[in-house]
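*Asks:* Attaching a single structure in structure tokens format; questions to follow.
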């Protein structure tokens with residue numbers, strides 16, 4: 061997970077907590093502005109201290125406890141007369157379990173886990189968040205074999221032997237589906253993922269090319285720095301002079317140097333990639349750092365439609 065994403069979630073929880081506590085403090089000050097409530101509140105504070113002190117020294121505090129109960133009941137009635145509730149004087153945290161800190165007993169609260177997952181998914185641009193290996197159903201032996209290779213890759217993700225994947229094969233064999241399953245599984249492991257079609261990537265690179273020098277880095281930041289970048293359907297985009305091949309080559313170089321994951325799907329074979337993008341890009345796509353998978357088989361979309 062990128063540092064800026066982690067900081068964003070941290071700020072979000074801090075804001076939640078602050079808003080809840082500020083609202084409670086404002087309500088308390090409003091209630092204290094009423095003399096009757098203030099007197100009851102002052103008496104409760106003093107009596108609570110006395111009760112704790114006396115209990116510590118073994119004294120009988122039953123009468124004090126009874127009086128405390130009466131005072132609290134009187135406070136509730138007074139608040140009702142003011143159009144308020146006792147609960148409004150306490151912070152209304154979105155998660156009472158962790159009090160909007162994100163942690164319970166030093167461990168992540170479920171609300172923090174959910175917030176992380178939501179933030180990563182929102183930024184991922186993934187086609188379908190529901191596609192994953194848990195619900196994966198192979199429509200061909202080739203798909204099943206490919207899924208098994210991707211599961212193995214995922215199992216070694218903490219200390220990967222390879223950082224890149226090149227998944228090639230004919231149209232409609234399930235390349236996008238399979239790589240999306242992998243991307244969603246990586247989101248579960250809290251990797252930042254950015255899913256782009258080759259057309260979408262080309263558009264970003266053109267935007268950077270046409271932008272002033274001082275803006276180029278910011279435009280390219282996400283595709284350069286995301287933990288895992290998926291480039292889907294490489295070869296379907298137009299080749300833009302001085303943009304497509306040049307920026308793609310630089311992107312692959314920078315991401316490889318930083319040890320980040322880059323996954324590419326394409327209908328093109330190695331020879332077609334070389335012919336379209338040149339030797340430099342082919343060498344980066346088929347390097348030793350890349351898990352190369354060819355997904356063969358019939359167009360499953362046509363097969364499905366025929367049934």
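In our numbering, the protein residues as written are 61 to 367.
Note that the Cβ used here is the ideal one computed from N, Cα and C, for glycine as well.
1) Which parts of the region 195-229 are runs of the alpha helix (DSSP H), unbroken and 4 residues or longer, counting only runs that do not cross its ends?
2) Where does residue 108 fall in DSSP's three states?
3) Indicate whether the contact test is met: 3 or more Cβ pairs, each with one atom in the region 314-331 and one in the region 215-225, closer than 8 angstroms.
4) In the structure shown, what three-state DSSP assignment does residue 237 receive?
5) Looking at chain C, is there any beta carbon in it that lies within less than 8 angstroms of the beta carbon of residue 302?
6) Less than 8 angstroms between the CB atoms is what I'm expecting for residue 153 and residue 77, so what's the real figure, rounded?
7) Consult DSSP for residue 291 and reduce its assignment to one of helix, strand or coil.
8) Below 8 angstroms between beta carbons: does that hold for residue 87 and residue 149?
9) So, is residue 356 buried or exposed, given that buried needs 16 or more other C-beta atoms within 10 angstroms?
10) Between residue 165 and residue 172, what straight-line distance do the alpha-carbon atoms span, to the nearest angstrom?
11) By Cβ distance, which residues of its chain are closer than 8 angstroms to residue 236, with the 5 residues on each side in sequence left out?
12) Got a sec? Which residues, its chain only, sit under 6 angstroms from residue 135 by beta carbon, not counting five neighbours each side?
13) Apart from the five residues on each side of it in sequence, which residues of its chain come closer than 6 angstroms, Cβ to Cβ, to residue 271?
14) Look at the alpha carbon of residue 353 and the alpha carbon of residue 81, and state the distance between them as a whole number of angstroms.
15) Can you tell which of 197, 259, 322, 145 has the C-alpha that lies nearest to the C-alpha of residue 220?
16) Need the endpoints of the beta strand (DSSP E) that residue 308 sits in, please.
17) Tell me whether residue 65 sits in a helix, a strand or coil according to DSSP, three-state version.
*Replies:* Put simply:
1) Runs of the alpha helix (DSSP H) inside the region 195-229: 201-215.
2) Along the chain shown, one-based indexing puts residue 108 at 48. In the structure shown, residue 108 sits in a helix (DSSP, three-state: H, G or I).
3) Yes, the region 314-331 is in contact with the region 215-225.
4) Your numbering for residue 237 matches position 177 in the chain shown. Residue 237 falls in the helix class under three-state DSSP.
5) Note that chain C does not occur in the displayed structure, where there is just one protein chain.
6) Taking the first residue of the chain shown as 1, we reach residue 153 at position 93. Taking the first residue of the chain shown as 1, we reach residue 77 at position 17. A Cβ-Cβ distance of about 7 angstroms is found for the pair residue 153 and residue 77, placing them in contact under the 8 angstroms criterion.
7) Start at 1 with the first residue of the chain shown, and residue 291 comes out as number 231. Three-state result, residue 291: strand.
8) For this step, residue 87 is matched to residue 27 along the chain shown. For this step, residue 149 is matched to residue 89 along the chain shown. Yes. Within cutoff.
9) Here residue 356 corresponds to residue number 296 of the chain shown, with the count starting at 1. It is exposed - the Cβ of residue 356 has fewer than 16 other Cβ atoms within 10 Å.
10) Taking the chain shown and counting its residues from 1, one reaches residue 165 at position 105. Taking the chain shown and counting its residues from 1, one reaches residue 172 at position 112. Taking the straight line joining both Cα atoms gives about 13 angstroms.
11) By 1-based counting over the chain shown, the position of residue 236 is 176. Once the five neighbours on either side are set aside, the close Cβ partners of residue 236 are 187, 292, 293, 325.
12) The residue labelled residue 135 in the question sits at position 75 within the chain shown. Closer than 6 angstroms at Cβ, skipping near neighbours: 100.
13) Within the chain shown, residue 271 is the residue found at index 211, counting from 1. Within its own chain, the residues whose Cβ lies closer than 6 angstroms to the Cβ of residue 271, once the five positions on either side in sequence are excluded, are 279, listed in chain order.
14) By one-based count along the chain shown, residue 353 stands at place 293. By one-based count along the chain shown, residue 81 stands at place 21. Straight across, the Cα-Cα distance linking residue 353 with residue 81 is about 54 angstroms.
15) Within the chain shown, numbered from 1, the residue matching residue 220 stands at position 160. With distances taken between CA atoms, residue 220 lies nearest to 322 out of 197, 259, 322, 145.
16) On the chain shown, position 248 is the one that residue 308 refers to. Where residue 308 is concerned, there is no enclosing beta strand (DSSP E), although the alpha helix (DSSP H) it sits in stretches over 304-317.
17) Position 5 of the chain shown, counting from 1, holds the residue named residue 65. Residue 65 falls in the helix class under three-state DSSP.
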